[in-house]
Amino acid sequence: MSNNWEMVIGLEVHAQLNTSSKLFSSSPNQFGSEPNENVNFIDSGMPGMLPVMNFACIEMAIKTGFALNFNINKYSVFERKNYFYPDLPQGYQISQFEFPILTEGFINIDNPDNQKKIRIERAHLEQDAGKSIHDIDPKFSFIDLNRVGTPLLEIVSYPDLSSAEEVVSYMSSLRQVLMYIDVCDGNMQEGSLRADVNLSVRHKGGELGTRCEIKNLNSFKFIRQAIEYEFKRQIDVIESGGKIEQNTMLFDTSTGETRAMRSKEFSHDYRYFPDPDLLPVNLTQDLIDKVKTLVGELPQAKLDKFIKDYNVDKDIAKIITAEKQNAILFEKMISETDVKPKFIAAWLVGDIFAFIKENNLEVSSLNEKTKEITDLLKLVSDDVISNKAGKEILPRVLNGQGNPSDIVKELGLEQVSDSGELEKIIDESLIGEEENISKFQGGSDRVLGYFVGKCLKATKGKGNPKLINKILLERLKK
Amino acid sequence: MKNSISHIKNSLRGKKISVEELYDEFFTKAKSSKTNSFNLLLDKEINIQSIKESQKRYENGNPLPLDGIPLGIKDLFCTKGIRTTASSKILSNFTPDYESFITQKLLDDGSIFIGKNNCDEFAMGSSNETSFFGPVKNPWKNKNVPTDDLVPGGSSGGSAAAVAEGTCVASMGTDTGGSIRQPASLCGIVGLKPTFGSCSRWGIVAFASSLDQAGPLTNSVEDAALILNSINKHDFNDSTSSNHVREDYLYGINDKLDQKIKIGIPSDYLKDVSGDILSQIENTKKALFKHNVEFVDVEFKTTEYALSTYYILAPAEASSNLARYDGIRYGVREEGKTLDDIYLNSRTRGFGDEVTRRILIGAYVLSAGYYDAYYRQAQKVRRLIKDDFQRIFNDVDFILTPTTPNEAFKIGDKLDPISMYKNDIYTVPTSLAGLPGISIPSGLSTNGLPLGIQFIGNYFEEKKLLQIAALAEKELNFNEQ
Amino acid sequence: MSEIDIKRISYLAKLKLPHEKEEFYANSLKDIIKWVDNLKMIDTSETEPLHNVTEKTTSIRNDEIIKINSVDDVLSNAPDRAQNFFKVPKVVE
Ligand SMILES: [Mg+2]
Ligand SMILES: [Zn+2]
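Protein chains in written order, with the numbering used here: chain E, 1 to 478; chain H, 1001 to 1481; chain G, 2001 to 2093.
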C-alpha cells in the first residue's frame, strides 16, 4: 500500500521582484491599484511598442545568483514564449529559455534532524501576465492588465524534494533569502511568491513516474494540501490499474483537491525564439563584482554569528534570523547598549514580539524606538527594576508613552538596592524566627525561600531579590 | 527639380506660394487621384494649426528643415489621433494615442502630413495587392499595353505611387526585405533603406523586427538626404537603435569624389537577367566611369540562399508579432460565443490571405521538431550572408546591383507566392545583412517603364552612399529622359 | 519533408481556416517549405546563429516610474469594456 510509495518533487518558484517599475516598461510595479491604472501602451501590447530592459532586474538577478550559489552567466538571452491568453496582451511572454541568467545553484534546508542540499537547475527573468476576474458577472470576464510585465525571477529546482514538509522548508528558505537580499517582498498572499509543484510518485527507490504540474500555489497551507492530495491521487490511479498522464493541474482552494486544467486538442508548443526587439544581456565582471558588494549578510551567516559571537540560544537565534527585519532590529539594539545580546534576544522573541503580534504591527516599526527599549532592558539587567516591573511597563515604552526611567519613577517601581536599608528590614524580619533559623542551619534550604518572601513583602515588592538573598545568607550563616 | 523639397522651400521663402496653397494643391491632386495610394487623406482643417505655424516661420525667416512640406506616411506608422491600419481589416478601426518616433521627428522639423499611404497588409507583399483597401495602381503605364493597370511594387506601394504622381512631395516607408527600394524602382523614384538600427522602430507596426527599417521615398537623392537628417536619430526606447554619431547627410552631397571609388558588381546577380535590366548596370558603369570610379566583379557565395533565409525568418518573427491582434484590447472584434471564438474569428477574418500564409509559415518553422532545421538554420545562414558581405566590403566601397529583376507588372498577374517572393531577390540579402541600400531610377525599359539600380553601402556609411547615388543620379539624368 | 499538419499549425497560430481553404494553405505551405529546403544543403556546424545584426544594446533603463498615458488612453480602442476593465466572454477552464 501507500507506504511503499514515495514522492519526487521539483519546484518552479515565481518570485516577483520588488522594483519600482516593470521589467520592460516604466509603469509602476505596484499591487492593489485601480484596474488598468498601471498599464501603458507597451504593457497592453499596442502596435509598434517596444520593450526596454530595467537594469534593477539584472541587478536583483545577480544578487540572487550570489545568495543561492548560482553560476552567473555573462551572456543571457530573452526569448518569446508564444501562446494565446487574454491576460497576455502581446500573445507571447518574454522569458529566458536557452540561455538563462543563472544556472546550477543550491540552497540548504533544515529538516528536523539534518540539513539537506537542494540543487537548483536555473533561474531566469520573465514577465508576469495580467489577471482576469471571473466572479463579477456570470457571463463575462474582466481583464485587468496591471500585473502585466511585472518582473519575475523563476527559480527552478531539481526534483530533490521528497515531502510536503521539505517543500515548505525549501520554499520558506528561498523566501527568507530573497527577502534578505531585498529582491522580493515575500508576500505570498499578494502573489509575490508562488510555486508550481511538479510531482510524480514511484515505489521506494524505483523508477521515476510521470509528473503532473500543480500551478500557482500561493500559501504554505495550499502547498501542503495540494501535495498530499496529488500524492494520494496518483497512487490511487496507478493502484487501480490506471496511468498518470502528464497534465497541468489546478488546485481548488475550496475543496483542497487538484484537477486537470484544460483538456487540449493539441499539446502546447511555445515556439520559443530570441526576441528580436531585445538584444542579449551581456554582463561585465566589473558589474558582477559591484553587485556582489550589495548582497549583504545572508540569513545563515547571521544565524552563525548570533549563536557564536552573541551567545544567543540556537532556537531563539533562528526566530530572530527568520526575517530580515527581526535581525535588523536586534542588531540595532545591540549596537546601542551594553546590555548582553543574549538578554536582549530573550526579551525580543518573548514580550516584544508578543506585543507586535497583539497589536498587528510591523517589526520594523520599532526601529524608531530602540533607544527606549534598550534603556528599559538596561534597567532590568542592572536590577534597577525587577523583571516583572520591566514586563509591566514594556507596553507603555513600545507605545511611546515616555522614557523608561521616567515611567519607573512615576510608578515608583525602582528596586530597593540600598544594602543598609535592606539590612535593617532583614534584621527586623528575623526577629522571633529562632525556630526557622535553626531549621535552616540544620540543613533545610526551603526556609530560605520563606525568608526571602517575607523580606520582599516587607519592601512592598521593591527590594532587590538578589541582594536580599545575599544578605540573608550572610545573616543566617552566622 | 520642380517637386524637390529645396525647390518648394525656395518658393515658400520667396512667397511664390503659401504653405496653405501648397497643401491645397497637393491635397486636391491626391483627392482626385485614381491610384488608390492613400488609405486616408487629412482634410486641411486637421492640419490648419500646423500650416499657420509653418507659414509664420517662413514669414519670420526661420523655417525648419522640412517646413510646410506635404508628406505621405505609410499606414504602418502610428500617428496620434489619426487612424492607423497597416492596411489590414483587423486594424481598420484603430486610432493610436501615440506618435511614432519617426513621424514625430518629421513633425518636429515642420513637415505636414497629407495622409496615410496604402501599403501591403502588415507590409507583407511586393506588389501592394494584399491591402485590405485594395491594390494601388502604378501611375506609369506600359506604352505597349497602355490600358493595363500595373502594380507599384510593395509593400510601400502607396508611398511610391503617390510620390511618383506628385500627390505628396515625399513619403515615409518601411523596408523589411525591399519594401522601399523595390516600389521606388518600379515607380521611377528614389528609395533609401538605412542601416538597421539607424531609424527607430518605435511606433511602427511591426512585421519582422530584426529586419524592419524606416526610410524615405523621394523625388531625388538630395530629398532623401534631407529627410534622413530628420529621422536618423538614436532612440533609447528602441533597444536595437544604434547610438553611433550621425552626420549631416545633405552637407557636401554634391562634392566631387576626391578618392578613387571602387564599386563591386556581383556577377551572380546578373546571371539570368533580361537585357533591359543588364543595360541599367551598363549605363551606370558608363556614366560613372569618368568620375574616378573603378568597377570590379565580385561574387557572393550565399545569394541563392537569401530568399529562403528571409522567407523563414521574416514569417517566424511576423507570426509572433501579429499574435497581439486578437480583438480583445483594440482592433476589429468578430463576435463569438466564447472567448476562443472571438480570438479565432477576429484573427481568421481580420487577416488577408498573404498575412495568413506567412503566419502559418512562421508558426511552422518555429514549431517543435522543425525549429532547428528551419529557424535556427536560417539564423546561421543569415550570419553567413552577413559575413559574405563583409568579405566583399573588405575590397570595395559600394556594391551596385539592379533593384528588381523586372519592371512593373500587371495587377493580378503574379498569383503564385513564390514567383512574387522572387521580386525581392536583389533587396533581401541587404536586409538580412542589415546594410544600407538606395535605389535610384536609372532608365526606362523597352516598354517605357522605369527601372532602378541599387547601391549598397557598408554599415552606417549612408553619407558616402548618398554621395555616390547623387552622382549617379546626376549622370543618369533620369528625370530629363 | 514530412506532411504538413495544417490543423495543428493553424491551432498554434489561433486561426480557424474555413474547410475549403485548408487544402489551399496546406499546398501553399508545402510549396514554400520545399522551396526553402535548400538551406539544408549548407554546412553550418561551425556557425553561430545570428539573431540580430546589432549585437549589443545601448538601452538599459534605470528603475524609474514614468507615466505616459491615462487609463482611458489604454482603453480607448477597446471593442468592449466595463468600467476600466477590458470585457470578454467568460473564460472557461
Ligand atoms: Mg511552470
Ligand atoms: Zn514562468
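Just so it is clear, CB atoms sit at the ideal spot from N, CA and C, and this is done for glycine as well.
Sequence-distant residues of its chain with Cβ nearer than 6 Å to residue i (five each side left out)
i	result
Phe1300 of chain H	Pro1266, Asp1268, Asp1388
Lys2087 of chain G	Asp2080, Arg2081
Pro1315 of chain H	Arg1358, Ile1361, Gly1362
Pro1436 of chain H	Pro1194, Thr1195, Gly1457, Glu1462, Leu1465
Glu257 of chain E	Tyr229
Gly1336 of chain H	Ile1342, Asn1345
Arg271 of chain E	Asn82
Asn187 of chain E	none
Arg224 of chain E	Ala164
Asp1109 of chain H	Leu1064, Pro1065, Leu1066, Ser1230
N-terminal and C-terminal residue of the alpha helix (DSSP H) that residue i is part of
i	result
Gln1055 of chain H	1044-1059
Ala2013 of chain G	Where Ala2013 of chain G is concerned, there is no enclosing alpha helix (DSSP H), given that its DSSP letter is neither H nor E.
His1007 of chain H	1005-1013
Glu331 of chain E	324-336
Glu1282 of chain H	1275-1289
Cys1187 of chain H	1181-1187
Ile426 of chain E	419-429
Asn1321 of chain H	1303-1321
Leu1476 of chain H	1462-1476
Leu379 of chain E	370-381
Counted within 10 angstroms of its Cβ, other Cβ atoms place residue i as buried (16 or more) or exposed
i	result
Arg2061 of chain G	buried
Glu1480 of chain H	exposed
Ala1433 of chain H	buried
Asn387 of chain E	exposed
Gly1153 of chain H	buried
Ala1206 of chain H	buried
Met2041 of chain G	exposed
Lys1380 of chain H	buried
Gln2083 of chain G	exposed
Asp1067 of chain H	buried
His203 of chain E	exposed
Proximal residues to residue i (C-beta, below 8 Å), its chain only, five neighbours per side dropped
i	result
Leu376 of chain E	Gly390, Ile393, Leu394, Val397, Pro404
Asn1232 of chain H	Pro1194, Ser1198, Cys1199, Arg1246, Tyr1249, Glu1462
Leu329 of chain E	Leu348, Val363, Ser364, Leu366, Asn367, Thr370
For residue i, the residue or residues it bridges with in DSSP
i	result
Lys131 of chain E	E:Asp144
Phe1455 of chain H	H:Leu1400, H:Ile1438
Tyr92 of chain E	E:Asn82
Arg2061 of chain G	E:Asn54
Val201 of chain E	E:Met7
Gly1264 of chain H	H:Val1296, H:Ile1399
Gln115 of chain E	E:Asp110
Gly105 of chain E	E:Ile120
Beta strand (DSSP E) segment containing residue i, residue limits
i	result
Gln2083 of chain G	No beta strand (DSSP E) contains Gln2083 of chain G, which DSSP labels as neither H nor E.
Thr1218 of chain H	1213-1218
Gln16 of chain E	5-16
Glu257 of chain E	257-260
Ser1159 of chain H	Premise fails: Ser1159 of chain H lies in the alpha helix (DSSP H), 1157-1165, not in any beta strand (DSSP E).
Met1172 of chain H	1170-1175
Cβ shell of residue i (< 7 Å), same chain only, five flanking positions each side left out
i	result
Tyr1098 of chain H	Cys1078, Lys1080, Gly1203
Asn1254 of chain H	Ala1470
Glu423 of chain E	Ile471
Ser1445 of chain H	Asp1276, Glu1407, Leu1451
Ile133 of chain E	Ser141, Phe142, Asp144
Glu336 of chain E	Thr370, Lys371, Thr374
Can you find at least 3 beta carbon pairs, one from the segment 1417-1425 of chain H and one from the segment 1305-1319 of chain H, that sit closer than 8 Å?
Note that the segment 1417-1425 of chain H touches the segment 1305-1319 of chain H; at least 3 beta-carbon pairs, one per stretch, sit closer than 8 Å.
Cβ contact (3+ pairs, closer than 8 Å) linking the segment 1270-1282 of chain H and the segment 1327-1340 of chain H
These segments do not touch.
Contact between the segment 35-49 of chain E and the segment 223-240 of chain E is defined here as three or more beta-carbon pairs at a separation below 8 Å; is this criterion met?
No contact exists between the segment 35-49 of chain E and the segment 223-240 of chain E.
Three or more C-beta pairs under 8 Å: does that hold for the segment 106-119 of chain E against the segment 156-165 of chain E?
Below 8 Å, enough C-beta pairs join the segment 106-119 of chain E and the segment 156-165 of chain E to call them touching: three or more.
Count the C-beta pairs between the segment 1121-1141 of chain H and the segment 1001-1008 of chain H that are closer than 8 Å, then say yes if the count reaches three, no if not.
Contact fails: fewer than three Cβ-Cβ distances are below 8 Å.
Determine contact between the segment 1056-1068 of chain H and the segment 1010-1024 of chain H, defined as no fewer than three beta-carbon pairs at a distance below 8 Å.
With three or more CB-CB distances shorter than 8 Å, the segment 1056-1068 of chain H counts as touching the segment 1010-1024 of chain H.
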